[in-house]
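Engineer: Quick one: this structure, given as structure tokens, is what I'll be asking you about.
Put into structure tokens, the structure is as follows:
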């Protein structure tokens, strides 16, 4: 399974929804709490150019926020990404 990283805060309902969807898919989510570790906000901003949470990565692929993740789920692309069809870059 790929590594899932999600930049999050403790009060973000979209972060909760994203985590529920990913856990239902059987993957573990590595949450980076930007409200508890302010330096991580700067890292998220540098990696994504976005200031909102969640920001979700599947391995090194930035998939975006919850609405982007949900769209991938609706089109079947999320399963492809999670099962390595898009794969890790070697």
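Numbering (our numbering), first residue to last: 18 to 107.
For glycine and all other residues, C-beta sits at the position ideal for the given N, C-alpha and C.
Hey, out of 49, 26, 34, whose CA is closest to residue 20's CA?
Structural biologist: Start at 1 with the first residue of the chain shown, and residue 20 comes out as number 3. Looking at the Cα atoms, 49 is the closest of the given residues.
Engineer: At what residues does the beta strand (DSSP E) containing residue 53 begin and finish?
Structural biologist: For the purposes of this step, residue 53 is identified with residue 36 of the chain shown, where counting begins at 1. Residue 53 -> no beta strand (DSSP E), and no H or E assigned at all.
Engineer: Give a yes or no on whether the C-beta atoms belonging to residue 18 and residue 99 are separated by under 8 Å.
Structural biologist: Reading the chain shown from its first residue, position 1 is the one you call residue 18. Reading the chain shown from its first residue, position 82 is the one you call residue 99. Yes; because the gap between Cβ atoms is below 8 Å, this pair is in contact.
Engineer: May I ask you to report which of helix, strand or coil DSSP gives residue 10?
Structural biologist: Lying outside 18 to 107, the shown extent of the chain, residue 10 is not represented and no answer is given.
Engineer: State buried or exposed for residue 91, treating a residue as buried only when at least 16 other CB atoms are found within 10 Å of its CB.
Structural biologist: Here the question's residue 91 lines up with position 74 in the chain shown. With fewer than 16 Cβ atoms within 10 Å of its Cβ, residue 91 is classed as exposed.
Engineer: Work out the CA separation of residue 47 and residue 32 for me, nearest whole Å.
Structural biologist: As a position in the chain shown, residue 32 is number 15, starting the count at 1. As a position in the chain shown, residue 47 is number 30, starting the count at 1. Approximately 12 Å between the Cα atoms of the pair.
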